[in-house]
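These notes are about the structure you will find just below.
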Amino acid sequence: MKKLMVVALTLMVVLCFGAISFGGSLDSPAGPDSSDSAMFTLEDIYNRLGTGATGTKRPGAFVEPSSGPTAGTGHTLDEVMGVTPSVDDTNGTVPAEVIFGKTFWGLTSGNWGLKTGTMTSNGAGGTITPGTTNQTIVAGY
63 MKKLMVVALT LMVVLCFGAI SFGGSLDSPA GPDSSDSAMF TLEDIYNRLG TGATGTKRPG
123 AFVEPSSGPT AGTGHTLDEV MGVTPSVDDT NGTVPAEVIF GKTFWGLTSG NWGLKTGTMT
183 SNGAGGTITP GTTNQTIVAG Y
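Position 36 of the sequence shown, counted from 1, bears residue number 98 in this note's numbering, the numbering being contiguous throughout.
See the structure below:
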């Protein structure tokens, strides 16, 4: 019984710490004296979501600030989440509803993220003359 308990405890510890090790690398991509270690700021992410601004990374080595922030520290994570899109299965679109080759950000379940439209382009679509008989309209744009 004692041996079984030791094996079970060991297995639990290995599984718990094994899961933690899949969190990603903690190593910096470069030293602080290299521009390769630069990252976008939370403010850059907020602005990208709100206005599409590209954001900028620092061009050279990291330099310690001479003093603390005097005009606030930027947006909070709650504010960033406030400008992020959320799933919209009511008004969101899918690739079949967007013209072929045009990119869009899918908001529907199963079509989340950057997508490319697949809807056929039929050009001007021809002429439809009002009348009393049914007329077939080709699907697409």
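Quick reminder that beta carbons are idealized off the backbone N, C-alpha and C, glycines included.
Since the structure is predicted, the reported quantities are computational estimates derived from the model, not experimental observations.
Roughly how many angstroms separate the alpha carbons of P48 and T103, rounded to a whole number? Because the chain is modelled from 63 through 203, residue 48 falls outside the range shown and cannot be assessed.
Looking at C-beta atoms only, is the number of pairs between the stretch 170-189 and the stretch 154-162 that lie closer than 8 Å three or more? They touch, by the three-pair rule.
When the Cβ atoms of the stretch 131-138 are set against those of the stretch 158-168, are three or more pairs found closer than 8 Å? When Cβ pairs closer than 8 Å are counted between the two stretches, the stretch 131-138 is seen not to touch the stretch 158-168, the count staying below three.
If you measure between the beta carbons of S97 and G122, is that distance less than 8 Å? Reading the sequence shown from its first residue, position 35 is the one you call residue 97. Reading the sequence shown from its first residue, position 60 is the one you call residue 122. Yes, the pair counts as a contact, with Cβ atoms nearer than the cut-off.
Taking the C-alpha atoms as reference points, what is the distance between I190 and V160? Along the sequence shown, read from residue 1 onward, the residue named residue 190 stands at position 128. Along the sequence shown, read from residue 1 onward, the residue named residue 160 stands at position 98. Their Cα atoms are separated by approximately 23 Å.
Determine which residues share a DSSP beta bridge with K177 and list them. Numbered from its first residue, the sequence shown carries residue 177 at position 115. F166.
Per DSSP, what kind of secondary structure is I107 in: helix, strand or coil? Taking the first residue of the sequence shown as 1, we reach residue 107 at position 45. Note: I107 maps to helix in three-state DSSP.
Select from G130, W174, L139 the residue whose C-alpha is nearest the C-alpha of V149. Position 87 of the sequence shown, counted from the start, is the residue given in the question as residue 149. The shortest C-alpha separation from V149 is found at W174.
Select from A100, T195, L111, M143 the residue whose C-alpha is nearest the C-alpha of F124. Mapped onto the sequence shown, residue 124 falls at position 62. Looking at the Cα atoms, A100 is the closest of the given residues.
Using beta carbons (cut-off 8 Å, strictly below), is T189 in contact with chain B? Annotation note: the requested chain B is absent from the structure, which comprises a single protein chain.
Per DSSP, the bridge partner or partners of I161: As a position in the sequence shown, residue 161 is number 99, starting the count at 1. DSSP lists M181 as partners of I161.
What do you get for G179, buried or exposed, if any count of 16 or more other CB atoms within 10 angstroms of its CB means buried? Taking the first residue of the sequence shown as position 1, residue 179 is located at position 117. G179 should be labelled buried.
When you compare each of Y108, I199, T118 to M143 by their alpha carbons, which one comes out closest? The count along the sequence shown starts at 1 and reaches residue 143 at position 81. M143 has its Cα closest to that of Y108, out of Y108, I199, T118.
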